[in-house]
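Student: Okay, handing you the structure first.
There are 2 protein chains.
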Amino acid sequence: MLCKRLRKRLQSVLFLKPTLYVTFENMKKKHNITLKELAKSLNISISTVSRALNDHPDISQSTKEKVKKLANEHNYVPNLFASGFRSHRTHILGVIVPNISHYFTTTVLKGVLEEGENLGYRVIISESKNDDKKQSEMLQTMMQFGVDGVLLALSRKTKSVDDILQTVNRIPLVMFDKVSGKIPCTQVVINEEEAAYNAVEHLINTGKRRIAIIKETEGSFNSEKRFEGYLRALKEHNLPIDEKIILSTEDISLTKGRMMANILLSLKKRPDAIFAITDSAAIGVIKALNKFKVSIPDEIAVVGFSNSASSTIISPSLSTVDQPGNKIGRTAVKYLIDEIENPKEDLITKTIEIKTNLIVRDSSFKV
Amino acid sequence: MLCKRLRKRLQSVLFLKPTLYVTFENMKKKHNITLKELAKSLNISISTVSRALNDHPDISQSTKEKVKKLANEHNYVPNLFASGFRSHRTHILGVIVPNISHYFTTTVLKGVLEEGENLGYRVIISESKNDDKKQSEMLQTMMQFGVDGVLLALSRKTKSVDDILQTVNRIPLVMFDKVSGKIPCTQVVINEEEAAYNAVEHLINTGKRRIAIIKETEGSFNSEKRFEGYLRALKEHNLPIDEKIILSTEDISLTKGRMMANILLSLKKRPDAIFAITDSAAIGVIKALNKFKVSIPDEIAVVGFSNSASSTIISPSLSTVDQPGNKIGRTAVKYLIDEIENPKEDLITKTIEIKTNLIVRDSSFKV
DNA sequence: AACGTTTTCGCAAACGTTTGCATAACAAAA
DNA sequence: TTTTGTTATGCAAACGTTTGCGAAAACGTT
Chain L
41 MLCKRLRKRL QSVLFLKPTL YVTFENMKKK HNITLKELAK SLNISISTVS RALNDHPDIS
101 QSTKEKVKKL ANEHNYVPNL FASGFRSHRT HILGVIVPNI SHYFTTTVLK GVLEEGENLG
161 YRVIISESKN DDKKQSEMLQ TMMQFGVDGV LLALSRKTKS VDDILQTVNR IPLVMFDKVS
221 GKIPCTQVVI NEEEAAYNAV EHLINTGKRR IAIIKETEGS FNSEKRFEGY LRALKEHNLP
281 IDEKIILSTE DISLTKGRMM ANILLSLKKR PDAIFAITDS AAIGVIKALN KFKVSIPDEI
341 AVVGFSNSAS STIISPSLST VDQPGNKIGR TAVKYLIDEI ENPKEDLITK TIEIKTNLIV
401 RDSSFKV
Chain E
41 MLCKRLRKRL QSVLFLKPTL YVTFENMKKK HNITLKELAK SLNISISTVS RALNDHPDIS
101 QSTKEKVKKL ANEHNYVPNL FASGFRSHRT HILGVIVPNI SHYFTTTVLK GVLEEGENLG
161 YRVIISESKN DDKKQSEMLQ TMMQFGVDGV LLALSRKTKS VDDILQTVNR IPLVMFDKVS
221 GKIPCTQVVI NEEEAAYNAV EHLINTGKRR IAIIKETEGS FNSEKRFEGY LRALKEHNLP
281 IDEKIILSTE DISLTKGRMM ANILLSLKKR PDAIFAITDS AAIGVIKALN KFKVSIPDEI
341 AVVGFSNSAS STIISPSLST VDQPGNKIGR TAVKYLIDEI ENPKEDLITK TIEIKTNLIV
401 RDSSFKV
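The listed protein sequences derive, respectively, from chains L and E. Take the first sequence: its position 8, counted from the start at 1, is 48 in my numbering, and no numbers get skipped. Take the second sequence: its position 268, counted from the start at 1, is 308 in my numbering, and no numbers get skipped.
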């Protein structure tokens, strides 16, 4: 069957471009060579070949060399499904993220792909769509699929972590970005609190005294941390904390940002700066301010969080906290693979904090 | 070993939250039930169980029901590595895209993931980073990894398609977005030419007569097609074609868009509209026009292509061609899986054109 | 009752690899 | 020479599934 398919394809190719005859040569090696064939060719046993290739100490140097040489010549590649089947290792990593379309997420994924592929792993990606149940399903199928480990960024509202705990008990799992203290595993995060602190302090340094914050309602690990940073910055600079300008919203977004800005503008005592916990919200704020001809940053300065692609598109350009997604991805993968390849009996739950960078643009500081 | 790991994890969990004892129950079923066990339990042979589960016609209805019932009770899941190993099927799809960070790409990937998962496949994603060699490597590793089929969007400058042809000869391959006529396989694309035609016609309908285009230098399938649409629109409306306002650039981008706009502004006879083949370039154009206080769309209108996330962020908002990425992804996957599951001896190279939609915003038409 | 036909099922091999155990070869110690 | 000890290699089982082939059971037809 395959052979026929091959021939037909070939005909078609040849028909299109008669000069492409070279492809025929290449197609000969349609069958990956196996240990058995190598063994027969060298007149030794399969097990010896296997061990030689895996540098087993029992095999003599001379045999190893012979075997490796032949294997190279025939560019032998082990059948991953046979070995995975036998050894219960697949060399596949699973990644679950809430939304693959967020720019920040894609930078993390880039890092994951790069580092993972470097270390010899393939990566399966899934979206939980911020859906608790979907997330459980993904976890489930990934496990029964046999991934060697899982990288997980929690969906927005994860109520129960039972299934995640179950996963943690079966295979290595590393969390990043959206994490939860309830799950004992290594977690790669940014210094949320400090980043927010720095952002707010920057506003204070530019002379702002009445700084509003737009955050998520609750239950969001990241939002809470950033809010803590906000509070600490105000306290340490002896600024009053006014609940009127502390706004919370569910599923924070551009539209919500705009709405919150409208609320803030209608206040008797307007803020002179707005710190939005999210770039999208910050952009909504800017749009609202622009609409009402509020000058940015003079009347009201704006700072966001994430350094999304849009932050340089909006006008004025948005000051924001840069999260090094690539580094986060690479780091998470490294820890995950380490857990896979060097399984410890004792559970060590590290938390790795990646440093962020405040990027000052026109929305908070004009030269 | 696993057991120890389990116990340790458990201890740790218990230590954190003593109430979570329930997880212990769940952890019991650490071993997936096998065909052999089902067979023993029913006192029938393994092969009968296997065939019953796979709805083989040789098996009686009553037996099938018995088997399926028991399988469900023990929530049996086939060991994918055993069956993949045996049947040379992995139920994994490979996707190779130039850049995972482009918004359009992520929408395609969303579609691929959704539809693929629906149909029982996992998806491995890789980035070619617009690197010819990387792309070959990815293709290579994916094949030796054993994916059942490959979804491919060509990297920007793919010189040789030999290795792709080789892949086509081995396993099903479907191309999307960035395709090449040199490769005999089914291709899922948008109606590039028509989309561009519509965009330009829209500009003509709003009264524009001197419409510039910013495109890629050459060799880009998409760019050529869009250019053809541009030319046809002008011709069919009896407008002159002026090479002075046909600008080409390599690796088109926001910066390049800005540069091209500057060139166009310096012309004695300025255009009254600019059609950029890419949203990013169009946004660059808008930035340049804004800088020089050129009123949009009155003096110069702008239309882009892709409906990227930023097109509503920029001000004025960008008129652009919406490419239904999700649909493209879903369609491509459907065709790919069909090829996988119903292999034809004869090669049929379909081309599926997905309809696009012109989205009119402020940059081309003011209410 | 003897014989076909169809339906339903089991046996056993195969997929490519890893690995415990046995064994061969050989040298050194008894 | 026999024993003991290394070192190097081979045998064969196992992982869980699919599948060609053969056979038993069931049924109908002369």
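Beta carbons are placed, not taken as given, at the ideal position from N, Cα and C, and that holds for glycine.
Considering only residues of the segment 247 to 299 of chain E, which uninterrupted beta strand (DSSP E) runs meet the minimum length of 3 residues and lie entirely inside it, listed in chain order?
Tutor: As summarised for the segment 247 to 299 of chain E, the continuous beta strand (DSSP E) elements at least 3 residues long and confined to that stretch are 251 to 256, 286 to 289, given in chain order.
Student: Given that R298 (chain L) touches chain E, what residues does it touch there, using C-beta distances under 7 Å?
Tutor: If you number the first sequence from 1, residue 298 (chain L) lands on position 258. Proximity of chain E to R298 (chain L) at the Cβ level (cut-off 7 Å) is not reached, the minimal Cβ distance being about 12 Å.
Student: If you follow the alpha helix (DSSP H) that L205 (chain E) is in, where does it begin and where does it stop?
Tutor: To locate residue 205 (chain E), count along the second sequence from 1; it is residue 165. 202 to 210 is the span of the alpha helix (DSSP H), which, as asked, contains L205 (chain E).
Student: Is it buried or exposed for R401 (chain E), if we count other Cβ within 10 angstroms and need 16 for buried?
Tutor: As a first step, residue 401 (chain E) must be located in the second sequence, where it is residue number 361. Burial call: buried.
Student: Helix, strand or coil, according to DSSP, for E339 (chain E) in the structure here?
Tutor: Residue numbering aside, residue 339 (chain E) sits at position 299 when the second sequence is read from its first letter. Note: E339 (chain E) maps to coil in three-state DSSP.
Student: Determine, for L153 (chain L), whether the minimum Cβ-Cβ distance to residues of chain E falls below 7 Å.
Tutor: The count along the first sequence starts at 1 and reaches residue 153 (chain L) at position 113. Closer than 7 Å: yes.
Student: Could you have a look at D362 (chain E) and say whether DSSP puts it in helix, strand or coil?
Tutor: Against the second sequence, residue 362 (chain E) aligns to sequence position 322. Reduced to three states, the DSSP call for D362 (chain E) is strand.
Student: Is L192 (chain L) near I377 (chain L), with beta carbons less than 7 Å apart?
Tutor: As a first step, residue 192 (chain L) is located in the first sequence; it is residue number 152 there, counting from the start. As a first step, residue 377 (chain L) is located in the first sequence; it is residue number 337 there, counting from the start. No, Cβ-Cβ distance for L192 (chain L) and I377 (chain L) is not below 7 Å.
Student: Is it the case that the Cβ atoms of L287 (chain E) and I254 (chain E) are separated by a distance below 7 Å?
Tutor: One-based indexing of the second sequence puts residue 287 (chain E) at position 247. One-based indexing of the second sequence puts residue 254 (chain E) at position 214. In contact: L287 (chain E) and I254 (chain E) (Cβ atoms closer than 7 Å).
Student: Rounded to whole angstroms, what is the Cα-Cα separation between N382 (chain L) and V152 (chain L)?
Tutor: Residue mapping note: residue 382 (chain L) aligns to position 342 of the first sequence, counting from 1. Residue mapping note: residue 152 (chain L) aligns to position 112 of the first sequence, counting from 1. Their Cα atoms are separated by approximately 19 Å.
Student: For V117 (chain L), which three-state DSSP category applies?
Tutor: Here residue 117 (chain L) refers to the residue found at position 77 of the first sequence. Looking at V117 (chain L) - three-state DSSP - the assignment turns out to be coil, as it is neither helix nor strand.
Student: Which residues bound the beta strand (DSSP E) around L31 (chain L)?
Tutor: Shown here, chain L extends from 41 to 407; a query on residue 31 (chain L) therefore has no answer.
Student: State the DSSP-derived secondary structure class of V228 (chain E), mapped to helix, strand or coil.
Tutor: Here residue 228 (chain E) is taken as the residue at index 188 of the second sequence, counted from 1. V228 (chain E): strand per DSSP, three-state reduction.
Student: Can you give, in chain order, each stretch of the alpha helix (DSSP H) that sits fully within the segment 80 to 111 of chain E and has at least 4 residues?
Tutor: 86 to 93
Student: For the beta strand (DSSP E) containing F216 (chain L), list its first residue and its last residue.
Tutor: As a first step, residue 216 (chain L) is located in the first sequence; it is residue number 176 there, counting from the start. F216 (chain L) -> beta strand (DSSP E) spans 213 to 216.
Student: May I ask you to report which of helix, strand or coil DSSP gives I353 (chain L)?
Tutor: Against the first sequence, residue 353 (chain L) aligns to sequence position 313. Coil at I353 (chain L), not helix or strand.
Student: With a threshold of 8 Å, are at least 3 pairs of Cβ atoms found where one atom belongs to the segment 107 to 126 of chain E and the other to the segment 181 to 190 of chain L?
Tutor: yes
Student: Name, going along the chain, the residues of the segment 112 to 125 of chain E whose beta-carbon falls closer than 8 Å to a beta-carbon of chain L.
Tutor: V117, N119, L120, F121, A122, G124, F125
Student: In terms of residue numbering, what span does the beta strand (DSSP E) encompassing N397 (chain L) cover?
Tutor: Taking the first residue of the first sequence as 1, we reach residue 397 (chain L) at position 357. Unbroken beta strand (DSSP E) run through N397 (chain L): 397 to 399.
Student: Going by Cα to Cα distance, which pick from L:E241, L:A313, L:T74 is closest to L274 (chain L)?
Tutor: The residue you call residue 274 (chain L) lines up with position 234 of the first sequence. Its Cα nearest to that of L274 (chain L), the residue L:E241 stands out among L:E241, L:A313, L:T74.
Student: Taking three-plus beta-carbon pairs below 8 Å as touching, is the segment 126 to 135 of chain E in contact with the segment 94 to 102 of chain E?
Tutor: no
Student: At the level of alpha carbons, what is the spacing between I394 (chain E) and G189 (chain E)?
Tutor: Mapped onto the second sequence, residue 394 (chain E) falls at position 354. Mapped onto the second sequence, residue 189 (chain E) falls at position 149. Straight across, the Cα-Cα distance linking I394 (chain E) with G189 (chain E) is about 21 Å.
Student: At a cut of 8 Å, does the segment 159 to 175 of chain E reach the segment 193 to 211 of chain E through at least three beta carbon pairs?
Tutor: yes
Student: Among the residues of its own chain, which have a CB less than 7 Å from the CB of C225 (chain E), if the five just before and after it don't count?
Tutor: Counted from its first residue, the second sequence places residue 225 (chain E) at position 185. If we look at C225 (chain E) and ignore the five residues flanking it on each side, its Cβ neighbours are V208, L213, V214, M215, T389.
Student: Determine, using beta carbons only, whether P329 (chain E) comes closer than 7 Å to chain L.
Tutor: Residue numbering aside, residue 329 (chain E) sits at position 289 when the second sequence is read from its first letter. Residue identity check: residue 329 (chain E) is Leu in the sequence provided, not Pro. Chain L contact via Cβ: absent.
Student: Using a cut-off of 7 Å between C-beta atoms, extract the partners of Y143 (chain E) located in chain L.
Tutor: The count along the second sequence starts at 1 and reaches residue 143 (chain E) at position 103. By Cβ distance, chain L contributes S141.
Student: Would you mind reading off the limits of the beta strand (DSSP E) that contains A316 (chain L)?
Tutor: By one-based count along the first sequence, residue 316 (chain L) stands at place 276. 313 to 316 is the extent of the beta strand (DSSP E) around A316 (chain L).
Student: Counting pairs of Cβ atoms below 8 Å between the segment 335 to 351 of chain E and the segment 102 to 110 of chain E, do you hit three or more?
Tutor: At 8 Å Cβ cutoff, the stretches do not touch.
Student: Find out if the Cβ-Cβ distance for the pair G297 (chain E), V148 (chain E) is shorter than 7 Å.
Tutor: Translated into the one-based positions of the second sequence, residue 297 (chain E) becomes position 257. Translated into the one-based positions of the second sequence, residue 148 (chain E) becomes position 108. Result no, Cβ atoms of G297 (chain E) and V148 (chain E) do not sit closer than 7 Å.
Student: From which residue to which residue does the alpha helix (DSSP H) around S176 (chain L) run?
Tutor: As a working note, residue 176 (chain L) is residue 136 in the first sequence. Here the alpha helix (DSSP H) through S176 (chain L) covers 172 to 185.
Student: Give every residue of the same chain whose Cβ lies closer than 7 Å to the Cβ of T246 (chain E), excluding the five residues on either side of it in the sequence, and list them in chain order.
Tutor: Within the second sequence, the letter at position 206 stands for residue 246 (chain E). The residues are A341, S404, F405.
Student: Can you grab the Cα-Cα spacing for the pair F332 (chain E) / M178 (chain L), in whole Å?
Tutor: Walking along the second sequence from the start, residue 332 (chain E) turns up at place 292. Walking along the first sequence from the start, residue 178 (chain L) turns up at place 138. Taking the straight line from one Cα to the other gives about 51 Å.
Student: Starting from G189 (chain L), follow its DSSP beta bridges and name the residues at the other end.
Tutor: Position 149 of the first sequence, counted from the start, is the residue given in the question as residue 189 (chain L). Note: G189 (chain L) sits in a beta bridge opposite L:L133.
Student: For the beta strand (DSSP E) holding V148 (chain E), just list the boundary residues, first then last.
Tutor: Numbered from its first residue, the second sequence carries residue 148 (chain E) at position 108. Unbroken run through V148 (chain E) is the alpha helix (DSSP H), 143 to 158; no beta strand (DSSP E).
Student: At what residues does the alpha helix (DSSP H) containing I326 (chain E) begin and finish?
Tutor: The count along the second sequence starts at 1 and reaches residue 326 (chain E) at position 286. Per DSSP, I326 (chain E) belongs to the alpha helix (DSSP H) from 319 to 331.
Student: Comparing C-alpha positions only, which one of E:G134, E:A236, E:I211 sits nearest to S387 (chain E)?
Tutor: Position 347 of the second sequence, counted from the first residue, corresponds to residue 387 (chain E). Inspection of the sequence shows that residue 387 (chain E) is occupied by Leu rather than by Ser. Minimum Cα-Cα distance from L387 (chain E) among the listed residues E:G134, E:A236, E:I211 corresponds to E:I211.
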